[in-house]
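S.K.:
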Amino acid sequence: MTDTQTPRGQLTLRTIAMPADTNANGDIFGGWVMARMDQAGGIAGVERTKGRVVTVKVDSMTFIRPMKVGDVLCVYTEIGRVGRTSFQIHVEAWAQRFMTQRMELVTDADFTFVAIDDAGKPRPVPPA
Numbered sequence: 004m005t006d007t008q009t010p011r012g013q014l015t016l017r018t019i020a021m022p023a024d025t026n027a028n029g030d031i032f033g034g035w036v037m038a039r040m041d042q043a044g045g046i047a048g049v050e051r052t053k054g055r056v057v058t059v060k061v062d063s064m065t066f067i068r069p070m071k072v073g074d075v076l077c078v079y080t081e082i083g084r085v086g087r088t089s090f091q092i093h094v095e096a097w098a099q100r101f102m103t104q105r106m107e108l109v110t111d112a113d114f115t116f117v118a119i120d121d122a123g124k125p126r127p128v129p130p131a
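Start counting the sequence shown at 4; every next residue gets the next number (the numbering used here).
1) CA-CA distance, residue 128 and residue 114?
2) Give me the DSSP bridge partner(s) of residue 13.
3) Any chance the region 70-85 sits against the region 16-26, with 3 or more Cβ pairs inside 8 Å?
4) Roughly how many whole angstroms lie between the Cα atoms of residue 2 and residue 11?
5) If you run the structure through DSSP and keep just helix, strand and coil, what is residue 31?
6) For residue 4, which residues of its own chain have a beta-carbon under 6 Å away from its beta-carbon, when the five flanking residues on both sides are left out?
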């Protein structure tokens with residue numbers, strides 16, 4: 004994806020990258036970005052299934068650009084394939100660069116979630 008493209012899906016989560024989230028090089032930890040992507044996927048999944056969901060798989064995440072302190076992480080989600088109890092969400096992480104409106108893609112991935120009941124057992128995904 005190039006910088007001329009726009010984010011895919013709905014803006015689901017925004018948060019600022021802080022100094023405590025950095026590695027020894029001063030870049031934001033990739034795991035911090037991935038955790039925010041998982042949170043956004045969970046939010047979208049709960050809204051879609053109207054109940055609890057769990058992450059079961061993440062496909063092919065490549066970090067394209069670093070996040071820096073002060074950047075705003077904007078996470079976009081788009082529901083994809085929906086099965087009987089599982090569904091896929093495409094998740095994109097974009098950096099709104101510090102004190103600018105410039106947006107750059109950081110990474111994206113397809114997350115697979117399973118809808119679960121109160122006992123933690125898979126349940127059917129309701130119709131949209």
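For each residue, glycine too, the CB sits at the ideal point set by N, CA and C. Nothing here was measured: the structure is a model prediction, and the numbers come from that model.
M.R.: On the basis of the data shown:
1) Residue 128 sits at position 125 when you count from the first residue of the sequence shown. Residue 114 sits at position 111 when you count from the first residue of the sequence shown. When rounded, the distance between both Cα atoms is 16 Å.
2) Here residue 13 refers to the residue found at position 10 of the sequence shown. The partner list for residue 13 (beta bridge, DSSP) reads 80.
3) yes
4) A question about residue 2 goes unanswered here, because the residues of the chain that appear run from 4 up to 131.
5) As a first step, residue 31 is located in the sequence shown; it is residue number 28 there, counting from the start. DSSP places residue 31 in strand when its eight states are reduced to three.
6) Working through the sequence shown from its first residue, we reach residue 4 at position 1. With a pLDDT of only 42 at residue 4, under the threshold of 50, the placement of this residue in the model should not be trusted, and no figure is reported.
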